[in-house]
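*Asks:* Have a look at this one before I ask anything.
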Amino acid sequence: MTTRTGADVFVANNFPGLHGKKIGLITNHTGRLRQGIATADAFFKSPDISLKVFFGPEHGIRGAVDERVPDSADPKTGIPVISLYGPRTAPEPSHLAGLDALVYDIQDIGCRYYTYVSTLVHCMRAAAKAGIPLTILDRPNPIGGTHVEGPVTDIDKLAFVAIHPIPIRHGMTLGELAKLVNIQTDLKCNINVVHAEGWQRREWFDATGCEWLDPSPNMRSLVQANIYPGPAQLEFTNVSVGRGTATPFQLFGAPWLDHFRFVDALQAMNLPGIGFVPRTFKPTASKFAGEECKGVELIVTNRETFLPVQTGVAMAIALRKVAFRQWEMARWQTLLCHKETFDAVEHGAGLQDVVKLWEPGLQKFKNDRKNVLHYR
């Protein structure tokens, strides 16, 4: 069955609840209707609502910027664009003054440290404080809604890349996550989730019939979105995760890495659904630009059994084993945000012993999320 996103449903029903209202729209290039029309354009052209301001997340409203994003004006409509990725991460009271409602329409990829979920939570907080409602136009989780994996964020490590205590791969849509955060933080944000129609939790993005639009400059395929929760957790350390190549997150390495020993260490862990091939590559941008990196290509052989978060931790264990002196481990915590996992790997624990540490937090999360899951 073809999926209709929350935006498709909302626009087809002629913006229910927003007639005559002054609107702020949080969106980017992924906010698009099935007919190929941008959600922003549909809102702008409607005579029934008044679109006053855009709010743009990381990578900007057109999704083309891979650095801090300044405020601007949308060249197509002339409407002001307030950046939520730079000096500020949430709308300020002055930005919301005079607005009757906020609307959110951005495609997420299902990983905790992909920052669109953080932007949503910051906007929820701002909306609650301003006393205005927030409508969320929900979209499918591209890597499915049944797989849940990884450590639940430590409370003392909450940050923009860890906005709420959830696992790295959460298996939820942004609409479902918004409901969970609203309940667990007693935020009292007046949220209205317009659910997607025709999507089932087990479905991956390529079963939806929706067009793939790169959610960010280095997220160029569903394969990369699936792999991302693994190697990306290590990218604040002194390694390349393939940015500046044609296949980000499918390549991983560093100039100082003995990639043959690294592959041997990974293969010895018998990781499901994934293979590793020794590769050399030279990024043209980002970390180690212009330098030859020795590393691996990650090849998913079965996406249903592949465990990306466990694979990322296995890569950390392998780095610790074969590059103890070269790998700068400390900054792994920037995205990992889980002391028990970090300490266990630092002290030489095996993968399965590390994974067991996650179980209490994961079980509680799975129980808590049952109350807000919409899709079956």
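Numbering (numbering that gives the first Met the number 0), first residue to last: 0 to 375. We put the beta carbon where it would ideally sit given N, CA and C, even for glycine.
Pairing CB atoms from the region 93-110 with CB atoms from the region 150-157, are three or more of them under 8 angstroms?
*Replies:* Output reads no: the region 150-157 does not touch the region 93-110.
*Asks:* Exposed or buried, which one is D104 when buried takes at least 16 other CB atoms within 10 Å?
*Replies:* It counts as buried.
*Asks:* Going by the DSSP bridge assignment, what does I273 pair with across the sheet?
*Replies:* Beta-bridge pairing links I273 to V299.
*Asks:* Taking only three categories from DSSP, how would you classify I162?
*Replies:* Coil at I162, not helix or strand.
*Asks:* Can you tell me whether G377 is buried or exposed? The criterion is at least 16 other CB atoms within 10 Å of its CB, across all chains shown.
*Replies:* There is no way to answer for residue 377, as the model of the chain reaches only from 0 to 375.
*Asks:* Assuming L315 contacts L233 (C-beta within less than 8 angstroms), just tell me the rounded distance between them.
*Replies:* Here residue 315 turns out to be Ala, not Leu, going by the sequence shown. Right, their Cβ atoms sit about 6 angstroms apart.
*Asks:* On a CA-only basis, which of M171, T145, S71 and L157 is nearest A106? Give me that one, please.
*Replies:* This sequence places Gln at residue 106; Ala is not what is there. The shortest C-alpha separation from Q106 is found at M171.
*Asks:* Pick from L24, D47 and D352: whose alpha carbon is nearest that of G16?
*Replies:* If we check each option's Cα against that of G16, D47 comes out closest.
*Asks:* Which parts of the region 208-268 are runs of the beta strand (DSSP E), unbroken and 3 residues or longer, counting only runs that do not cross its ends?
*Replies:* Runs of the beta strand (DSSP E) inside the region 208-268: 250-253.
*Asks:* For K178, count neighbouring Cβ atoms within 10 angstroms of its own Cβ and tell me buried if that reaches 16, exposed if not.
*Replies:* Label assigned to K178: buried.
*Asks:* So with Cβ pairs under 8 angstroms, would you call L335 a contact of chain D?
*Replies:* In the structure shown, chain D cannot be found, because there is only a single protein chain.
*Asks:* Return helix, strand or coil for Y374, following the three-state DSSP convention.
*Replies:* DSSP places Y374 in coil when its eight states are reduced to three.
*Asks:* Count the other CB atoms within 10 Å of the CB of E303; is the residue buried (16 or more) or exposed (fewer)?
*Replies:* E303 comes out exposed.
*Asks:* Closer than 6 angstroms by C-beta to L83: which residues in its own chain qualify, once you throw out the five before and the five after it? Chain order, please.
*Replies:* Cβ neighbours of L83 beyond the five flanking positions: F54, P56 and T118.
*Asks:* Using 8 angstroms as the threshold, is the region 289-303 in touch with the region 271-281, meaning 3 or more CB pairs across them?
*Replies:* Touching, per the Cβ criterion.
*Asks:* For E358, which three-state DSSP category applies?
*Replies:* Helix, per DSSP.
*Asks:* DSSP three-state label for N140, please.
*Replies:* The answer is coil: DSSP assigns N140 none of H, G, I, E or B.
*Asks:* Quick one: any contact between the region 202-222 and the region 134-145, if contact means 3 or more CB pairs under 8 angstroms?
*Replies:* Because the criterion of three Cβ pairs below 8 angstroms is met, the region 202-222 and the region 134-145 touch.
*Asks:* Looking at A384: is its Cβ nearer than 8 angstroms to the Cβ of A317?
*Replies:* There is no way to answer for residue 384, as the model of the chain reaches only from 0 to 375.
*Asks:* Buried or exposed, going by whether 16 or more other CB atoms sit within 10 Å of the CB of Q376?
*Replies:* Because the chain in this structure spans residues 0 to 375, residue 376 falls outside the shown range and cannot be described.
*Asks:* Based on Cα-Cα distance, which residue from T246, T333 and F235 lies nearest to V222?
*Replies:* Among T246, T333 and F235, the Cα nearest to that of V222 is on T246.
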